[in-house]
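There are 2 protein chains.
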Amino acid sequence: MVDAKGTGHRAGLDSAGVIEAALALVEAGGAEALTMRKLAAELGVATTTIYWHVGSRDELISALIGLLSQRQAEIEISGKTPRDRVMCLARHVWTSALAHRNVTALAHQVGATSLLELPLEQALARELDAAGVRGEAGRDALRAIVMCVAGFLVVAFRSDGRARAMQTQPQELWATVSDDRIDPSTIEALRTPPDLPALFETTLRAVVDTFVPE
Amino acid sequence: MVDAKGTGHRAGLDSAGVIEAALALVEAGGAEALTMRKLAAELGVATTTIYWHVGSRDELISALIGLLSQRQAEIEISGKTPRDRVMCLARHVWTSALAHRNVTALAHQVGATSLLELPLEQALARELDAAGVRGEAGRDALRAIVMCVAGFLVVAFRSDGRARAMQTQPQELWATVSDDRIDPSTIEALRTPPDLPALFETTLRAVVDTFVPE
DNA sequence: ACCTGAACACCGTTCAAGT
DNA sequence: ACCTGAACACCGTTCAAGT
Chain A
1 MVDAKGTGHR AGLDSAGVIE AALALVEAGG AEALTMRKLA AELGVATTTI
51 YWHVGSRDEL ISALIGLLSQ RQAEIEISGK TPRDRVMCLA RHVWTSALAH
101 RNVTALAHQV GATSLLELPL EQALARELDA AGVRGEAGRD ALRAIVMCVA
151 GFLVVAFRSD GRARAMQTQP QELWATVSDD RIDPSTIEAL RTPPDLPALF
201 ETTLRAVVDT FVPE
Chain B
1001 MVDAKGTGHR AGLDSAGVIE AALALVEAGG AEALTMRKLA AELGVATTTI
1051 YWHVGSRDEL ISALIGLLSQ RQAEIEISGK TPRDRVMCLA RHVWTSALAH
1101 RNVTALAHQV GATSLLELPL EQALARELDA AGVRGEAGRD ALRAIVMCVA
1151 GFLVVAFRSD GRARAMQTQP QELWATVSDD RIDPSTIEAL RTPPDLPALF
1201 ETTLRAVVDT FVPE
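These protein sequences, in sequence, are chains A and B.
The first sequence lines up with residues 1 to 214 when you count with our numbering.
The second sequence lines up with residues 1001 to 1214 when you count with our numbering.
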């Protein structure tokens, strides 16, 4: 993208640039678009140059997740009671994961979700602290809330993940079910997607109510 | 494993055999061990033979998940009240996912979790029906419970997934955190793993209590 | 119907070599 | 210090060909 290519030296690249480009690649094309070769081509550089800057694909992915993680941490929390603020934060984890679904899915695939969510977990810990929930109770409350959010994300991501041999979405699966021990109205309802945001809200509220007292 | 190899014909293989072998491969070595070439070698057959029987890797994975899914459905549900039976079933989803973590992780990776859990969801729907929770309320209750379980599984699987550049487990991540707006006892607690089964139990109970009345 | 080898278009990664 | 090409050891998949 810059100037003369391939002559042999000086591309003016640094690891930050590589990581940024990798992040852009994933945001645009999903996890499978992040190939060392594609990335190198994008940067107008030999494939092996990438390795010099970031070590390996795994390290690159960790760095990229860390970058997004920092950016996601810049939020302002609203709510009067500590409880409301905890809810607000949990909602933020949810919405920002949806806003960056490709990276979230990637983090999820490689088992680095906690890396992505650490700053948000930290903010959550602060609010829980303000609500008087500390120590082991604080940890348990935090973990329970984060798990709840993670569960909803798994479901939300099912809808877009690669269009696998149909049979992948719950609604389509339930369309093939007939069971006389289940009321027809239930089966009917299971064939349509739930109101995820509303369901998220009431489930989260139940968990928060359990773990953080008034 | 059988007899003369490579001469040219008759291996006595059928798609069921291929799927079974693939399942064994994943159970033993995780998702990354399932390679068309390795599978073929295991079966003493040319790589392309696999394709004749199962079409593609994606179809093979779907079939393998479907197979385990059926096997997981054979359970007996205990509990006196419908609520207890719902709890028992949710616990079963959790424990059987842990018992077959490699396949569960695979299903999770390719977004086929719902395929794996369909029979258990069906059983859950029946118990909810018996508890008088039907129609849209039934669907929402079912989804909320399943999401909750999914969230816990995400966390449980973090612990074993490939040993990525350290920085991957929450406890290790929290070991690097210092924040004077969080009580030291909380940070201390976050550096040790939670009692997952106990936490699962109380969180699940909160969700069930919210969605299925007595 | 069932199975084969050869070949294609990809991967991540290493390494000796250049400037 | 920064960048290169060649090469290695893998992938999934297709296809014409054998019996």
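Don't be surprised by glycine CBs; every beta carbon is placed ideally from N, CA and C.
Is any beta-carbon of chain A found at less than 8 Å from that of threonine 1168/B? Against the second sequence, residue 1168/B aligns to sequence position 168. Yes, contact with chain A.
Whole angstroms is fine: what's the gap from aspartate 1209/B's alpha carbon to glycine 1138/B's? Indexing the second sequence from 1 puts residue 1209/B at position 209. Indexing the second sequence from 1 puts residue 1138/B at position 138. One C-alpha to the other measures close to 13 Å.
When DSSP labels each residue in this structure, what does proline 82/A get in the three-state scheme? Counting from one through the first sequence, the residue named residue 82/A turns up at place 82. Note: proline 82/A maps to helix in three-state DSSP.
Please tell me whether alanine 1112/B and valine 1212/B are closer than 8 Å, where the distance is taken between their beta carbons. By one-based count along the second sequence, residue 1112/B stands at place 112. By one-based count along the second sequence, residue 1212/B stands at place 212. Going by C-beta atoms, alanine 1112/B is not nearer than 8 Å to valine 1212/B.
How is valine 1177/B classed by DSSP in three states: helix, strand or coil? As a first step, residue 1177/B is located in the second sequence; it is residue number 177 there, counting from the start. Here valine 1177/B sits in coil by DSSP.
Please decide whether leucine 1013/B counts as near chain A, where near means a Cβ-Cβ distance under 8 Å. One-based indexing of the second sequence puts residue 1013/B at position 13. Chain A contact via Cβ: absent.
At what residue ranges does the region 114-175 of chain A contain a whole run of the alpha helix (DSSP H), taking only runs of 4 or more? 135-158 and 170-174
For tryptophan 174/A, count the other beta carbons within 10 Å of its own beta carbon; 16 or more makes it buried, fewer makes it exposed. Which is it? Translated into positions along the first sequence, residue 174/A becomes position 174. Buried: at least 16 other Cβ atoms inside 10 Å.
Name the chain A residues whose beta carbon is nearer than 7 Å to that of serine 1185/B? Position 185 of the second sequence, counted from the start, is the residue given in the question as residue 1185/B. Going along chain A in sequence order, the residues near serine 1185/B (Cβ under 7 Å) are Arg134 and Gly135.
Would you kindly check if the distance between the Cβ of leucine 23/A and the Cβ of leucine 39/A is under 8 Å? Locating residue 39/A in the first sequence gives position 39, counting from the first residue. Locating residue 23/A in the first sequence gives position 23, counting from the first residue. Against a cut-off of 8 Å, the Cβ pair of leucine 23/A and leucine 39/A comes out as no contact.
Beta-carbon within less than 7 Å of alanine 1165/B's beta-carbon, same chain only, minus the 5 sequence neighbours each way: which residues are those? The sequence position of residue 1165/B within the second sequence is 165, counting from 1. Low confidence applies here, because alanine 1165/B scores a pLDDT of 49, under 50, leaving its location unreliable; read the following figure in that light. Here the set comprises nothing.
Out of Ala11/A, Glu59/A, Arg10/A and Ala150/A, which has the shortest C-alpha to C-alpha gap to leucine 34/A? On the first sequence, residue 34/A is found 34 positions in, with the first residue counted as 1. For the residues Ala11/A, Glu59/A, Arg10/A and Ala150/A, the minimum Cα distance to leucine 34/A belongs to Glu59/A.
Contact with chain B by glutamine 122/A, beta-carbon distance below 8 Å: Along the first sequence, read from residue 1 onward, the residue named residue 122/A stands at position 122. So yes, glutamine 122/A belongs to the interface.
Out of curiosity, what's the CA-to-CA distance linking leucine 1120/B and leucine 1196/B? The residue given as residue 1120/B occupies position 120 in the second sequence. The residue given as residue 1196/B occupies position 196 in the second sequence. Straight-line Cα distance between these residues: approximately 21 Å.
Serine 1056/B to glutamate 1032/B, Cα distance in whole Å? One-based indexing of the second sequence puts residue 1056/B at position 56. One-based indexing of the second sequence puts residue 1032/B at position 32. Answer to the nearest angstrom: the Cα atoms are 16 Å apart.
Could you tell me which of Asp1183/B, Glu1117/B and Val1110/B sits nearest to glutamate 1074/B, measuring between CA atoms? Your numbering for residue 1074/B matches position 74 in the second sequence. The shortest C-alpha separation from glutamate 1074/B is found at Glu1117/B.
To the nearest angstrom, how far is it from the Cα of valine 54/A to the Cα of glutamine 70/A? As a first step, residue 54/A is located in the first sequence; it is residue number 54 there, counting from the start. As a first step, residue 70/A is located in the first sequence; it is residue number 70 there, counting from the start. Rounded to the nearest angstrom, the two C-alpha atoms are 19 Å apart.
Run through chain B and tell me which residues come within less than 7 Å of glutamine 109/A, C-beta to C-beta. Within the first sequence, residue 109/A is the residue found at index 109, counting from 1. Ordered by position in chain B, the residues that pass the 7 Å Cβ test against glutamine 109/A are Gln1109.
Reduced DSSP secondary structure (H/G/I, E/B, other) of serine 1056/B: Here residue 1056/B is taken as the residue at index 56 of the second sequence, counted from 1. Serine 1056/B falls in the coil class under three-state DSSP.
Proximal residues of chain A, C-beta to C-beta of alanine 1189/B below 7 Å: Here residue 1189/B is taken as the residue at index 189 of the second sequence, counted from 1. Result: Gly135, Glu136, Gly138 and Arg139.
Cβ closer than 7 Å: which chain B residues qualify as neighbours of alanine 144/A? To locate residue 144/A, count along the first sequence from 1; it is residue 144. Those are Leu1199 and Thr1203, listed as they occur along chain B.
Please name the residue, chosen from Val1154/B, Ile1145/B and Leu1128/B, that lies closest to phenylalanine 200/A on a Cα-to-Cα basis. The sequence position of residue 200/A within the first sequence is 200, counting from 1. Closest option to phenylalanine 200/A, Cα to Cα, is Ile1145/B.
Euclidean distance between Cα positions of glutamate 1127/B and alanine 99/A: Indexing the second sequence from 1 puts residue 1127/B at position 127. Indexing the first sequence from 1 puts residue 99/A at position 99. Looking at the two C-alpha atoms, the distance is approximately 36 Å.
Am I right that threonine 1049/B and alanine 1016/B are in contact with their C-beta atoms under 8 Å? What's the rounded C-beta distance? One-based indexing of the second sequence puts residue 1049/B at position 49. One-based indexing of the second sequence puts residue 1016/B at position 16. That belief does not hold up - the Cβ atoms of threonine 1049/B and alanine 1016/B are roughly 14 Å apart, past 8 Å.
Distance between beta carbons of alanine 107/A and isoleucine 65/A, contact taken as under 8 Å: Along the first sequence, one-based indexing puts residue 65/A at 65. Along the first sequence, one-based indexing puts residue 107/A at 107. Sure, about 5 Å apart at Cβ, within 8 Å.
Check whether the Cβ atoms of aspartate 1129/B and isoleucine 182/A sit closer than 8 Å, and answer yes or no. Stepping through the second sequence from its first residue, residue 1129/B is reached at position 129. Stepping through the first sequence from its first residue, residue 182/A is reached at position 182. The answer is yes: Cβ separation under 8 Å.
Quick one: Cα of glutamine 1109/B to Cα of glutamate 76/A, how far? Along the second sequence, read from residue 1 onward, the residue named residue 1109/B stands at position 109. Along the first sequence, read from residue 1 onward, the residue named residue 76/A stands at position 76. For glutamine 1109/B and glutamate 76/A, the distance between alpha carbons rounds to 33 Å.
Would you mind telling me which residues of chain A sit closer than 8 Å to glycine 1155/B, beta carbon to beta carbon, in chain order? Residue mapping note: residue 1155/B aligns to position 155 of the second sequence, counting from 1. According to the sequence displayed, residue 1155/B carries valine and not glycine. Per Cβ cutoff of 8 Å: Arg143, Val146, Met147 and Ala150.
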